[in-house]
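Worksheet for the structure shown next.
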Amino acid sequence: MSPCPCGAHRDYAACCGRYHGGEAAPDADALMRSRYCAFVMGDADYLHGTWHPDTRPADLGLDASGAPRTTWLGLTVKQHRVTGPDTAEVEFVARYRVGGGSAVRLHERSRFIRIDGRWLYVDGEHR
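With the numbering used here applied, the sequence shown has no gaps in its numbers, which climb one by one up to 141 at the end.
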């Protein structure tokens with residue numbers, strides 16, 4: 015059993031692994047957790063595929079040669095709020111360290127939209 019990096023206390027295959035394998039996330043909370051997990055695993059294809067095309071960057075910089083390595087330290091979901099029939103927000107805190115530096119907290123309220131039955135990350139407001 016391999017614990018899922020998203021912090022849901024489940025096996026990766028039964029948690030975010032199934033979304034990374036192509037299953038649609040049932041809600042914005044599951045998508046956000048699976049995206050955090052994709053950052054941990056360096057899965058740029060999944061991140062691009064779950065990012066709304068209007069706001070998606072061309073390059074995430076995950077494979078930047080010579081760049082210091084990012085180590086993800088944990089995720090805390092503070093709130094998941096449905097804002098409409100096909101929109102939602104997730105507020106979370108992700109902790110990480112770049113290279114040998116100090117730990118950093120990323121506190122964000124992310125916006126999501128469901129298009130054709132699939133949730134997509136739109137953007138986020140840092141808090």
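C-beta: ideal position from N, C-alpha, C; glycine also.
Give the single residue among the options whose Cα lies nearest to the Cα of residue i.
{"i": "F53", "options": "S16, E139, R111 and G131", "result": "R111"}
{"i": "G98", "options": "R125, G56, T84 and E139", "result": "R125"}
{"i": "H94", "options": "R32, I129, D41 and G31", "result": "D41"}
{"i": "Y50", "options": "W133, R109 and G115", "result": "R109"}
{"i": "H142", "options": "D100, E139 and R32", "result": "Nothing can be reported for residue 142, as the shown portion of the chain is limited to 15 through 141."}
{"i": "W86", "options": "D100, V104 and G56", "result": "G56"}
Going by beta carbon distance, what residues of the same chain come within less than 6 Å of residue i, once the five residues before and after it are set aside?
{"i": "V2", "result": "Only positions 15 to 141 of the chain appear in the structure, and residue 2 is not among them; the question remains open."}
{"i": "Y26", "result": "S16 and C18"}
{"i": "Y60", "result": "H34 and A52"}
{"i": "A58", "result": "L74 and L76"}
Spatial neighbours of residue i within its chain, please: C-beta separation below 7 Å, excluding the five flanking residues on both sides.
{"i": "G131", "result": "A38"}
{"i": "A22", "result": "C29 and R47"}
{"i": "S116", "result": "none"}
What distance in whole Å lies between the Cβ atoms of residue j and residue i, which are believed to be in contact at a cut-off of 8 Å?
{"i": "H62", "j": "Y135", "result": "Going by Cβ atoms, the distance from H62 to Y135 rounds to 10 Å, so no, they are not a contact pair."}
{"i": "F106", "j": "V91", "result": "5 Å"}
{"i": "T64", "j": "D137", "result": "Their Cβ separation, rounded to whole angstroms, is 13 Å, which puts T64 and D137 out of contact at 8 Å."}
With burial defined as no fewer than 16 other Cβ atoms inside 10 Å of the residue's Cβ, what is the status of residue i: buried or exposed?
{"i": "P71", "result": "exposed"}
{"i": "M15", "result": "exposed"}
{"i": "L89", "result": "buried"}
{"i": "D43", "result": "buried"}
{"i": "L45", "result": "buried"}
So what does DSSP say about residue i, is it helix, strand or coil?
{"i": "S116", "result": "coil"}
{"i": "L74", "result": "coil"}
So, at 8 Å on beta carbons, what are the nonlocal neighbours of residue i in its own chain, with the 5 sequence-adjacent residues on each side left out?
{"i": "R83", "result": "V112 and G113"}
{"i": "D100", "result": "I127, R128 and I129"}
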